[in-house]
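Residue numbers (the working numbering): 1 to 521.
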């Protein structure tokens with residue numbers, strides 16, 4: 001009997017050991033999978049941040065280009081000059097009108113360069129260059145086969161925008177058809193340099209970034225006399241740096257041969273699938289994450305990359321946690337359930353981080369867009385009205401420059417708290433990007449939204465901020481109606497009105513108590 005009891009205890013101990021071993025194996029397998037997934041999510045967050053910041057930057061320049069086109073380029077006088085030039089009987093007459101066009105728009109071009117626009121270029125309907133304001137002595141060359149954007153616009157009479165290498169400069173281009181008295185007479189483009197985009201990323205989003213371009217694209221398209229504007233990228237000879245970046249190669253000092261090989265392999269794969277990627281690099285001062293965002297041309301070919309470098313603090317902390325937990329499980333198997341519970345809480349916190357902006361506690365860009373989509377679906381089903389407000393802090397860069405970025409962060413957090421404490425429970429408030437916020441007002445007509453936003457603006461203006469005392473905001477308002485068929489149009493309407501508010505002197509909303517000029521396409 002005693003022997004049977006001993007056997008029973010031995011079997012029980014063995015069973016408990018087996019059970020604890022199974023719990024450990026299952027839990028360890030779960031944790032390993034979880035940590036890998038979390039690491040992938042962290043990498044995805046780096047990619048999404050760079051991508052979103054890039055999109056916000058380009059959206060801002062798109063609005064500016066459209067305004068310049070409408071206000072300064074497609075005027076009767078300018079179109080008449082262009083028409084006379086393309087209809088000229090001989091080169092002497094054409095050159096006369098070319099000089100007249102140059103004289104007419106030189107003040108506009110000078111102003112554009114102060115806002116980081118690098119090119120203003122007119123083309124004839126047969127794709128020949130009519131006038132480059134950045135190189136007025138270079139004209140008459142046929143851009144067919146070189147500039148897809150120009151060919152597309154002249155062939156389809158539709159505007160187009162995107163990145164493209166040109167005969168002299170590369171840039172993000174906004175190309176528009178020119179119509180005079182019902183006749184297509186050519187096209188015009190405005191473009192910004194990628195160095196301007198990089199500078200905006202660094203100043204507005206604290207993204208240490210750089211731009212690289214395929215050497216084969218430069219060799220194929222750029223005038224031989226202008227190829228000195230580029231130099232080889234020391235990491236990969238298949239890419240070049242724009243001359244604007246030659247003094248600032250952010251990988252020059254610490255990328256070792258092993259990391260170069262890893263990076264070049266990732267670049268080769270990315271060029272095939274046109275996908276962004278991240279890699280981890282090691283150096284004497286620590287670890288960093290490189291985030292590469294592919295830039296496609298108009299033919300959907302990857303021809304360049306924007307990449308950023310970030311401290312690898314998140315992943316390092318993530319790995320340290322994994323090692324500590326694994327060791328703890330080796331010595332304390334019977335606490336497995338406790339650790340599973342602990343990490344379920346951690347997972348909930350991570351989900352909370354995905355939903356709420358860490359600095360301002362407002363909704364993240366992704367979540368506020370989801371709320372906007374939900375309201376738009378409600379409008380389509382039940383015709384429930386709603387409005388949105390695009391809010392931007394006036395002279396935020398000056399706050400950062402004067403008081404420091406830490407003070408700027410405190411202003412963002414305090415402003416978000418102030419707004420969230422003065423809106424309805426049913427309203428949605430999120431961080432759109434940088435110092436811009438988006439407010440979604442369900443069941444709110446345009447006039448009520450305008451009044452609500454004006455009240456908010458006055459509350460903000462009167463509020464005593466801890467670091468900078470006074471902060472002012474500008475806001476653009478847009479309301480949904482039957483002419484708007486997707487949320488993106490509503491965002492664009494609000495963004496355009498925001499720019500108008502700033503143009504009108506800032507510290508105001510636009511429009512105040514009258515209907516907005518909405519986009520109806």
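We put the CB at the ideal spot given by N, CA and C, even for glycine.
Inter-residue Cα distance where the pair is residue i and residue j
i	j	result
residue 502	residue 133	28 Å
residue 101	residue 81	6 Å
residue 260	residue 433	32 Å
residue 117	residue 161	14 Å
residue 276	residue 256	22 Å
residue 91	residue 196	36 Å
residue 344	residue 476	Note on residue 344: pLDDT 44, under 50, position unreliable in the model; no value is reported.
residue 539	residue 85	What is shown of the chain runs 1 to 521, which leaves residue 539 out entirely.
residue 79	residue 216	37 Å
residue 424	residue 443	11 Å
residue 296	residue 174	15 Å
residue 456	residue 426	16 Å
residue 157	residue 150	10 Å
residue 233	residue 209	15 Å
residue 23	residue 36	20 Å
residue 372	residue 34	31 Å
residue 311	residue 41	16 Å
residue 281	residue 265	14 Å
residue 154	residue 110	26 Å
residue 105	residue 38	54 Å
residue 231	residue 263	19 Å
CB contact flag (residue i, residue j, <9 Å)
i	j	result
residue 363	residue 465	no
residue 147	residue 222	no
residue 289	residue 309	yes
residue 494	residue 478	yes
residue 219	residue 229	no
residue 191	residue 169	yes
residue 57	residue 200	yes
residue 399	residue 449	no
residue 481	residue 437	no
residue 390	residue 497	yes
residue 54	residue 213	no
residue 509	residue 454	yes
residue 394	residue 474	yes
residue 298	residue 152	yes
residue 274	residue 236	no
residue 463	residue 418	yes
Which listed residue (the options) has its alpha carbon closest to that of residue i
i	options	result
residue 287	279, 294, 394	279
residue 402	434, 467, 383	467
residue 177	127, 25, 198	127
residue 384	391, 390, 375	375
residue 470	197, 407, 73, 436	407
residue 50	205, 154, 236	205
residue 459	414, 498, 431	414
residue 268	137, 487, 239	239
residue 180	75, 110, 445	75
residue 409	359, 446, 394, 454	359
residue 47	159, 435, 305, 489	305
residue 64	77, 98, 30, 114	114
residue 431	40, 366, 418	366
residue 138	130, 144, 499	130
residue 136	152, 95, 163	95
residue 379	262, 258, 451, 445	445
residue 533	32, 227, 62	Residue 533 lies beyond the residue range present for the chain, which begins at 1 and ends at 521; the question has no answer from this structure.
residue 487	440, 361, 382, 258	440
Helix, strand or coil at residue i [DSSP, three-state]
i	result
residue 232	strand
residue 475	strand
residue 507	coil
residue 387	strand
residue 207	coil
residue 280	strand
residue 188	strand
residue 470	coil
residue 403	helix
residue 304	strand
residue 525	This structure gives no information on residue 525, because the portion of the chain shown stretches from 1 to 521.
residue 512	coil
residue 107	helix
residue 517	Any reading at residue 517 needs caution, since the residue's pLDDT is 44, under 50, leaving its predicted position unreliable; the model's value is listed next. Coil.
residue 378	helix
residue 528	No information on residue 528 is available, as it lies outside the stretch 1 to 521 that the chain covers here.
Residue-chain proximity (residue i, chain B), Cβ-Cβ < 9 Å
i	result
residue 143	You won't find chain B in this structure, because it holds only one protein chain.
Give a yes or no on contact between the segment 120 to 136 and the segment 172 to 191, applying the rule of three or more CB pairs nearer than 8 Å. Verdict: yes, contact present.
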